[in-house]
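Quick note: the sequence shown uses our numbering, first residue 8, plus one each step.
Ideal Cβ placement from N, Cα and C applies to all residues, glycine included.
In this text the structure is predicted, and so the values were computed from the model without any measurement.
A quick write-up on the structure given underneath.
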Amino acid sequence: MAASNPTFTNQNILSTFGNESSVASQLNTNTVSIKDIREAQIAAVNSKKKRRTETPKKNAEESDGIGSRDITVSAPTVTLPRGLDPNRRIETAPNADDTKFFTAEEILPFLGIEIVLQNENRTVKSVKRNSLAERSGVEVGDVIEAIDGKQISDEPFSGRTIKVKTLTVLRGVKKFEIALHNQ
8 MAASNPTFTN
18 QNILSTFGNE
28 SSVASQLNTN
38 TVSIKDIREA
48 QIAAVNSKKK
58 RRTETPKKNA
68 EESDGIGSRD
78 ITVSAPTVTL
88 PRGLDPNRRI
98 ETAPNADDTK
108 FFTAEEILPF
118 LGIEIVLQNE
128 NRTVKSVKRN
138 SLAERSGVEV
148 GDVIEAIDGK
158 QISDEPFSGR
168 TIKVKTLTVL
178 RGVKKFEIAL
188 HNQ
């Protein structure tokens with residue numbers, strides 16, 4: 008008596024071996040034998056192995072979509088304390104830590120002015136030759152009262168950089184502003 012091969016429907020095979028499209032494509036009739044199932048199973052395994060061993064293409068232009076994956080990335084959930092608006096931005100000054108404080112005694116030498124403190128006045132002791140101060144008209148004996156309109160006192164000037172544009176000086180009894188400019 009010849010052994011008969013049990014038969015299965017496509018639905019039974021797919022539910023047994025998973026929803027592999029390669030298995031389904033191998034099964035083109037409503038009834039198959041165990042031999043057909045084995046061949047389809049081997050073809051599916053070989054197909055998976057082949058996909059795993061293929062090297063990905065280097066350029067996106069060369070890619071045909073095989074082996075590509077879509078990955079969903081989401082931002083972490085942040086719980087804010089009560090009363091804070093999540094849509095409100097908190098802005099800080101750029102490089103707020105870089106704010107520096109400068110005194111007149113630190114600023115004036117960069118302009119080419121050496122000063123001496125006489126009776127609470129900052130009097131020009133010397134002017135460097137060919138400096139910004141000399142080219143702008145600062146002279147020995149001038150009393151510097153303000154830098155950019157701000158009175159010189161013990162309070163320092165603040166900022167990341169100081170750009171001095173004018174000096175208010177007292178020459179004799181005459182008070183005037185000297186515009187600093189490169190010539």
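Three-way DSSP call (helix, strand, coil) for residue i in this model
i      : result
Ala67  : Because the pLDDT at Ala67 is just 49, under 50, the model does not fix this residue reliably, and the value given afterwards should be weighed accordingly. Ala67 falls in the coil class under three-state DSSP.
Ile78  : coil
Glu146 : coil
Lys135 : coil
Asn94  : coil
Leu187 : coil
Arg2   : Outside the shown range of the chain, which is 8 to 190, sits residue 2, and nothing can be said about it.
Pro116 : helix
Supposed contact pair residue j and residue i - C-beta distance, whole angstroms, cut 8 Å
i      : j      : result
Gly154 : Val171 : Note that residue 154 is Ile in the sequence shown here, rather than Gly. Going by Cβ atoms, the distance from Ile154 to Val171 rounds to 6 Å, so yes, they are a contact pair.
Leu187 : Thr173 : 7 Å
Phe183 : Ile114 : The Cβ separation is near 20 Å, so there is no contact.
Ile120 : Thr130 : Incorrect: roughly 10 Å between the Cβ atoms, too far for contact.
Ser143 : Ile185 : 5 Å
Residue i - partner residues in DSSP beta bridges
i      : result
Leu124 : Arg129
Lys182 : Leu177
Ser165 : Phe108
Ile154 : Lys157 and Leu174
Residue of the options minimising C-alpha distance to residue i
i      : options                           : result
Glu152 : His188, Asn128, Thr86 and Ser165  : Asn128
Phe108 : Glu162, Asn137, Val147 and Glu141 : Glu162
Thr177 : Ile159, Val150, Glu46 and Arg76   : Position check: residue 177 holds Leu in this sequence, whereas Thr was assumed. Closest by alpha carbon: Val150.
Leu139 : Val147, Leu118 and Gly156         : Leu118
Ser160 : Ala111, Gly148 and Val145         : Ala111
Gly148 : Leu124, Gly156, Asn137 and Gln158 : Leu124
Neighbour flag for residue i against chain C, beta carbons, 9 Å
i      : result
Lys107 : Protein chain content of the structure displayed is limited to a single chain, and chain C is not contained in it.
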